[in-house]
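*Asks:* First the structure, which I've put down as C-alpha cells, then a few questions once you've had a look.
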Amino acid sequence: MSPAGPEASRAPYRVLAIPGDGVGPEVVGAARQVLDQAAGSFGFGIEWSEIVAGGAGIDVHGVPIRPEDIDACRGADAVLLGAVGGPKWDDPNASVRPEQALFALRGGLGLYANLRPVTVHPALKAAAPVRAELLDGVDLMIVRELTGGLYFGRPSEERVADDGTRSAVDTLPYTEAEIRRIVRLAFELARNRSKRLTSVDKANVLATSRLWRKVVNEIAPEFPEVEVRHQLVDSCAMLLVRQPARFDVLVTENLFGDILSDERSEEHTSELQSQFR
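Residue numbers (the numbering used here): 1447 to 1723.
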C-alpha cells in the first residue's frame, strides 16, 4: 500500500504499549521502532500511549494493573504487551503478583482466544533439541481458550485446618458457551488451512474435558470438510515432539494450551501470539 492509499486518510491508530518487566521494555521498544517505520513507509499514523503493569505496576501503584488502565486498553485500537514478572516478584506467598495483570487484561477485554501459530525458523532448525528431520513440514496453529478453566476458577486458595495441616484447592470450570465459541473459531481456522482439527482434552479423567469433547462432536457436522481428531493431552505432548507435522489446527483449554504451546516454542520454532475477542 502506498502513502496515497486508504490508510493515508485514516485517523491515527491508537496503540497502547505495556512494556512490562525484564526483557519486556527492550522488546516493546524494538517493536515500536518497527511499527513507526512501517507507518512512515505506508502512510498511516500511530498515536502511542503507555501504562505500567505487571511487576512494574506493583512497584509504582501497588497493584499489577489498575481499573483505569484496563479502561485505557479498552479504548485503544491495539495493545502491545511485553513480558511481565521476574525474580524480584517471585514470592509464592505474595498476595499480589505480576501475572495477575494478564488475567485482568484477558477477562476485562474479553480476550477468550489465544492464537499461537508455530512454524520452523530455517536459521534455528539445526539448533533444535530434536532431530532436524522431525521438523520438516511443521506449520500448525494452537488455539488456546484464554478466559476459563483453572486460571479463572474459584475457589482458588490455600487452606489451613485447625490442626495446622495445609491443603490447597483450584477449581476447573467451563460452560458450554465458553467451549462453543473457542471450538467454533478453531473449526473456522481449520477450514481455511489444511482442514485438520485436533481437539486436546483429558476426557478419560476430567468432567470438563468430557463436556469439551461432546461440544466438539456437536459442532463438527457444521464443518463436514474438516477432519476432526480427539487427542488426550499427555499423548499429544509426546506427539508434538515426535510427529509435530501431523498437526494443523490444535484447540484446547487454558492450562493445556499454555503448556503445549510453550513446548513447541522451546523446540526453537517461531511462535507469535495474538489474542482475540
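Beta carbons are placed, not taken as given, at the ideal position from N, Cα and C, and that holds for glycine.
Please read these numbers as outputs of a predicted model, since none were measured by experiment.
What's the gap between the Cα of Asp1647 and the Cα of Arg1630?
*Replies:* Mapped onto the sequence shown, residue 1647 falls at position 201. Mapped onto the sequence shown, residue 1630 falls at position 184. Whole-angstrom Cα-Cα distance: 16 angstroms.
*Asks:* Quick one: is Leu1570 buried, meaning 16 or more other Cβ sit within 10 Å of its Cβ, or exposed?
*Replies:* Taking the sequence shown and counting its residues from 1, one reaches residue 1570 at position 124. Leu1570 is exposed by the Cβ-count criterion.
*Asks:* Are there 16 or more other CB atoms within 10 angstroms of the CB of Ala1450, so buried, or fewer, so exposed?
*Replies:* Along the sequence shown, one-based indexing puts residue 1450 at 4. Low local confidence applies: a pLDDT of 49 at Ala1450 is under 50, so the model's placement there is unreliable, with the coordinate-based value given in what follows. Its Cβ having fewer than 16 others within 10 Å, Ala1450 is exposed.
*Asks:* The alpha helix (DSSP H) with Gly1491 in it runs from where to where?
*Replies:* For the purposes of this step, residue 1491 is taken as residue 45 along the sequence shown, with counting starting at 1. Careful: Gly1491 lies outside any alpha helix (DSSP H) and carries neither H nor E.
*Asks:* So, is Ala1540 buried or exposed, given that buried needs 16 or more other C-beta atoms within 10 angstroms?
*Replies:* Sequence index remark: in the sequence shown, residue 1540 carries index 94 (1-based). Here Ala1540 is exposed, its C-beta having fewer than 16 other C-beta atoms within 10 Å.
*Asks:* Take every Cβ of the segment 1501-1513, pair it with every Cβ of the segment 1480-1490, and state whether three or more of those distances are shorter than 8 angstroms.
*Replies:* no
*Asks:* For Ser1602, collect the residues of the same chain with a Cβ closer than 8 angstroms to its Cβ; drop the 5 residues on either side in sequence, then sort them by chain order.
*Replies:* Your numbering for residue 1602 matches position 156 in the sequence shown. Closer than 8 angstroms at the Cβ level, and outside the excluded window around Ser1602, lie Leu1596, Val1615, Asp1616, Thr1617.
*Asks:* Counting Cβ pairs, one atom from each stretch, are 3 or more of them under 8 angstroms apart for the segment 1695-1712 and the segment 1580-1592?
*Replies:* yes
*Asks:* Buried or exposed: Phe1490, going by 16 or more other Cβ atoms within 10 Å of its Cβ?
*Replies:* Residue mapping note: residue 1490 aligns to position 44 of the sequence shown, counting from 1. Around the beta-carbon of Phe1490, 16 or more other beta-carbon atoms lie within 10 Å, marking it buried.
*Asks:* By how many angstroms is the C-alpha of Leu1551 removed from the C-alpha of Pro1471?
*Replies:* Reading the sequence shown from its first residue, position 25 is the one you call residue 1471. Reading the sequence shown from its first residue, position 105 is the one you call residue 1551. Across the structure, Pro1471 and Leu1551 are spaced so that their CA atoms are roughly 18 angstroms apart.
*Asks:* Of the choices Phe1549, Thr1611, Val1564, whose alpha-carbon is the least far from that of Gly1599?
*Replies:* Mapped onto the sequence shown, residue 1599 falls at position 153. Nearest option by C-alpha distance: Phe1549.
*Asks:* Do Tyr1558 and Arg1627 have their beta-carbon atoms positioned less than 9 angstroms apart in this structure?
*Replies:* Indexing the sequence shown from 1 puts residue 1627 at position 181. Indexing the sequence shown from 1 puts residue 1558 at position 112. Yes. Within cutoff.
*Asks:* Starting from Leu1561, trace the beta strand (DSSP E) in both directions and tell me its first and last residue.
*Replies:* Counting from one through the sequence shown, the residue named residue 1561 turns up at place 115. Here the beta strand (DSSP E) through Leu1561 covers 1559-1566.
*Asks:* Count the C-beta pairs between the segment 1666-1685 and the segment 1633-1647 that are closer than 8 angstroms, then say yes if the count reaches three, no if not.
*Replies:* yes
*Asks:* Relative to the alpha-carbon of Ala1522, which residue among Arg1543, Trp1494, Gly1503 has its alpha-carbon at the smallest distance?
*Replies:* Here residue 1522 refers to the residue found at position 76 when the sequence shown is read from its first residue. Nearest of Arg1543, Trp1494, Gly1503 to Ala1522, Cα basis: Trp1494.
*Asks:* What residue range is occupied by the uninterrupted alpha helix (DSSP H) comprising Arg1612?
*Replies:* The residue you call residue 1612 lines up with position 166 of the sequence shown. Here Arg1612 belongs to no alpha helix (DSSP H); instead the beta strand (DSSP E) covers 1612-1615.
*Asks:* Exposed or buried, Met1447, counting other C-beta atoms within 10 Å across all chains shown (16 or more means buried)?
*Replies:* Numbered from its first residue, the sequence shown carries residue 1447 at position 1. In this prediction, Met1447 has a pLDDT of 43, which is less than 50 and means its spatial position is unreliable; nothing more can be read from the coordinates.
*Asks:* Which first and last residues belong to the alpha helix (DSSP H) in which Asp1505 is found?
*Replies:* One-based indexing of the sequence shown puts residue 1505 at position 59. Looking at the DSSP string, the run of the alpha helix (DSSP H) that includes Asp1505 is 1501-1507.
*Asks:* Assuming Ala1457 and Asp1582 are in contact, meaning their beta carbons sit under 8 angstroms apart, how far apart are those beta carbons, in whole angstroms?
*Replies:* In the sequence shown, residue 1457 corresponds to position 11, counting from 1. In the sequence shown, residue 1582 corresponds to position 136, counting from 1. About 45 angstroms; that fails the 8 angstroms criterion.
*Asks:* Would you check if the distance between the CB atom of Val1525 and the CB atom of Leu1561 is smaller than 9 angstroms?
*Replies:* What you label residue 1525 is simply residue 79 of the sequence shown in a count that begins at 1. What you label residue 1561 is simply residue 115 of the sequence shown in a count that begins at 1. When the beta-carbon positions are compared, Val1525 and Leu1561 stay at least 9 angstroms from each other.
*Asks:* With distances taken Cα to Cα, identify the nearest neighbour of Glu1604 among Ala1572, Pro1538, Val1469, Arg1688.
*Replies:* Counting from one through the sequence shown, the residue named residue 1604 turns up at place 158. Taking only the C-alpha atoms, the option nearest Glu1604 is Pro1538.
*Asks:* Classify Tyr1597 as helix, strand or coil using the three-state DSSP reduction.
*Replies:* Against the sequence shown, residue 1597 aligns to sequence position 151. If DSSP states are grouped into helix, strand and coil, Tyr1597 belongs with the helices.
*Asks:* How many Å lie between Asn1663 and Gly1508 at the Cα?
*Replies:* Reading the sequence shown from its first residue, position 217 is the one you call residue 1663. Reading the sequence shown from its first residue, position 62 is the one you call residue 1508. Their backbone Cα atoms lie some 46 angstroms apart in a straight line.
*Asks:* Nearest-angstrom Cα distance between Val1530 and Val1461?
*Replies:* Taking the sequence shown and counting its residues from 1, one reaches residue 1530 at position 84. Taking the sequence shown and counting its residues from 1, one reaches residue 1461 at position 15. Answer to the nearest angstrom: the Cα atoms are 19 angstroms apart.
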